[in-house]
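Engineer: Just dropping this structure here.
Chains as they are written, first to last, in our numbering: chain Y, 214 to 568; chain B, 816 to 1131.
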């Protein structure tokens, strides 16, 4: 199916980003229950599930072209957002192969990969790219392999090298992040880079997740959802640019919060890479205004309950403290208190018009 | 979890010695062989005499070359049937189902030099290692121990490599190894693969000489083990008995019996498949339960754990 891209939407300045009704209905809503707490919510990354966003190894949607443009802008201003340590070259090629193969298989109308031994030709029609190169020879590509292919994909990516029974974040392309810095974290161990997360360490979440990931197998990727909230549809909420987006929180009013406040969901996927034995971590960011989310009956009610009852430490860590009460007040009229079924499916196929 | 498999055709099989045989495998449906890295193994699904054996063999082919995959198989006297089957019954043109390459013996890419110590057929993962080192120009050194009657076989396998890096020893005297361990530059990693006695001796020697543990690596297929002794799971509440075979998990067996058992990660980490045990003793293989919970034997993670007793009664 051909995707109708929206190449001119923006994630800064006038913020012209918006979701079509279809994009709202396929949003990977992250709350299967009325209460939220950290857990090892990892599941096999296989086709199927409550959202079509899970149907492919890497999801491409209507925002693809605009997101790749936004990434290019961020990199132009701050090249340190893409960093890969020198021993990760095999993992760079693994990543390029995985994304090219997946895109070409999932979206043949938009992407084509032609291979004859190590002579490869890659066509990316939405971005107007066609390059022939020699797989394994970085000098035949216009950019290093990891940067080349992740500039053509939505969402952030990090590369984890596995050694000493640990995972080291030894590379990444990070321009659409929820307030963490690759430049600061690069080279850290699994527990070091998760250091700032509250409560989860004490619950043993990271010990269990690390043991699980050390055994992750090629051909059996896994996924989980994570979430936070962002004022305005801004992809680049980085510590480096905090002065630009931090003050946005002061602009919320009861009148504009429905349009301005976005639930930010990360579809996180983890792939064992076959040559390098590294792990590719995909962090695919989805943004949806709470006004649009409330057009899905079960989502508006559930989001109201989750935000209302959120553990204060988690609410603070996610940066929601300043506006949480206002968001809960906005969502309260959508919640009749009825018992909701477990799960995240929207349970409706059309949306009410925006009020 | 049902792992993906690929059908591979035997393109060539060549005897190297009375007990060693090399196999060249290509994708049965054409195309490129699945990618792999140095140290990866291939798990072959061998159907011999009504039995299904899943034997793992280190890949010896150059990982950069995806036209084929290669393995070398030693026919072992105490074979469960796998190596004898490969030696005597598998012929060129046959198709064998195989799991995707998996790697439990990856090389360390931050190392400045790689020192390898192998014994007999334990050389196989290092053939793939060396192909990668030669391609990248990374310094390496190999000490291979073998019986005198097989020296010529291994010399032939290593013939194209720089003689200054390859050292073949036909006695178990570790003096040469001690010399090698004493004169490595900082940042060298040590890898060993072969008979347990050789690996243990090599690791002990390296530690005695002051090598840090994080620089020492040995091949082990233990982590790849799935399955175990068959047992019967009795689901007390629903009154169903499920036979759990040697090659399936408790969770998969319950699912096959139509039981809607809880699960999420299927890898022993998330805790979703936790079920109370009424009778029997679980064999815990998960990362979720703490020591006290394990010792109580009152809980089981059905996705990875099994039973030490022939019957396990569950509150399900």
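Beta carbons are placed, not taken as given, at the ideal position from N, Cα and C, and that holds for glycine. All values reported here derive from a predicted model rather than from experimental measurement.
1) Would you say residue 780(B) faces chain Y, with C-beta separation under 8 Å as the test?
2) Using a C-beta cutoff of 8 Å, does residue 570(Y) count as contacting chain B?
3) Are the C-beta of residue 349(Y) and some C-beta of chain B separated by less than 8 Å?
4) Determine whether the Cβ of residue 300(Y) lies closer than 8 Å to any Cβ atom of chain B.
5) Under 8 Å, CB to CB, which of the residues in the segment 361 to 377 of chain Y have a partner in chain B?
6) In chain order, what residues of the same chain have a beta carbon less than 7 Å from the beta carbon of residue 1109(B), not counting five sequence neighbours either side?
7) Chain Y partners of residue 918(B), CB-CB under 7 Å?
8) By a C-beta neighbour count over all protein chains shown, 10 Å radius and 16 as the cutoff for buried, is residue 488(Y) buried or exposed?
9) Using the three-state DSSP reduction, which class does residue 1015(B) fall into: helix, strand or coil?
10) In chain order, what residues of the segment 985 to 1010 of chain B put their CB closer than 8 Å to some CB of chain Y?
11) If you draw a straight line from the alpha carbon of residue 532(Y) to that of residue 442(Y), how long is it in whole angstroms?
12) For residue 1040(B), I'd like the list of residues in its chain whose CB is within less than 6 Å of its CB, leaving aside the five on either flank, ordered along the chain.
13) Work out the CA separation of residue 1007(B) and residue 939(B) for me, nearest whole Å.
14) Taking residue 527(Y) as the reference, which of 472(Y), 250(Y), 279(Y) has the closest Cα?
15) By the DSSP assignment, the beta strand (DSSP E) with residue 1048(B) in it spans what residues?
16) Helix or strand or just coil, what does DSSP make of residue 1089(B)?
17) Helix or strand or just coil, what does DSSP make of residue 842(B)?
18) Quick check on residue 374(Y): does DSSP put it in helix, strand or coil?
19) Measure the Cβ-Cβ separation of residue 355(Y) and residue 344(Y) and say whether it is below 8 Å.
20) Pull up the distance between the alpha-carbon of residue 303(Y) and that of residue 1075(B), whole angstroms please.
21) Determine whether the beta carbon atoms of residue 857(B) and residue 886(B) lie at a separation below 8 Å.
22) Within a Cβ cutoff of 6 Å, which residues of the same chain sit near residue 933(B), ignoring the five residues on either side of it in sequence?
23) Taking just the CA atoms, how far does residue 1091(B) sit from residue 556(Y)?
24) Pop quiz: residue 995(B) and residue 956(B) are said to be a contact at Cβ under 8 Å. What is the actual Cβ separation, rounded to whole angstroms?
25) Go ahead and label residue 388(Y) buried or exposed: buried means 16 or more other beta carbons lie within 10 angstroms of its beta carbon, across all protein chains shown.
26) Quick one: give me the first and last residue of the alpha helix (DSSP H) that residue 1130(B) is part of.
27) Classify residue 558(Y) as helix, strand or coil using the three-state DSSP reduction.
28) Can you determine whether any heavy atom of the ligand PLP sits closer than 7 Å to the C-beta of residue 521(Y), and answer yes or no?
29) Between residue 1032(B) and the rest of its own chain, which residues show a CB-CB distance below 8 Å, the 5 nearest in sequence each way excluded?
30) Which same chain residues end up closer than 8 Å to residue 910(B) when comparing Cβ atoms and leaving out the 5 residues on each side of it in sequence?
31) Short of 7 Å Cβ to Cβ, which residues in the segment 1098 to 1110 of chain B face chain Y?
32) Residues of chain Y with a CB under 7 Å from the CB of residue 840(B): which are they?
33) Listed from N- to C-terminal order along the chain, which residues in the segment 848 to 881 of chain B have their beta-carbon within a distance smaller than 9 Å of any beta-carbon of chain Y?
34) In whole angstroms, what separates the C-alpha of residue 269(Y) from that of residue 230(Y)?
35) When you compare each of 485(Y), 481(Y), 457(Y) to residue 226(Y) by their alpha carbons, which one comes out closest?
36) To be precise: take each residue of the segment 883 to 912 of chain B, compare its Cβ to all Cβ atoms of chain Y, and keep it if any distance is under 8 Å. Which residues remain?
Structural biologist: Short version:
1) Only positions 816 to 1131 of chain B appear in the structure, and residue 780(B) is not among them; the question remains open.
2) Outside the displayed span of chain Y (214 to 568) sits residue 570(Y), for which this structure offers no information.
3) yes
4) yes
5) 374, 375, 376, 377
6) 1099
7) 490
8) buried
9) helix
10) none
11) 8 Å
12) The pLDDT assigned to residue 1040(B) is 44, lower than 50, so where the model puts this residue is not dependable, and the model offers no usable value.
13) 11 Å
14) 250(Y)
15) 1046 to 1050
16) strand
17) strand
18) strand
19) yes
20) 42 Å
21) yes
22) 941, 959, 1008, 1009
23) 24 Å
24) 7 Å
25) buried
26) Where residue 1130(B) is concerned, there is no enclosing alpha helix (DSSP H), given that its DSSP letter is neither H nor E.
27) coil
28) With respect to small molecules bound, the structure shown includes none, and the ligand PLP cannot be examined in it.
29) 920, 923, 1004, 1005, 1006, 1007
30) 822, 823, 824, 825, 843
31) 1102, 1103
32) Within chain Y, no residue comes near residue 840(B); the closest Cβ sits about 16 Å away, beyond 7 Å.
33) 849, 850, 851, 852, 853, 854, 855, 878, 879, 881
34) 23 Å
35) 457(Y)
36) none
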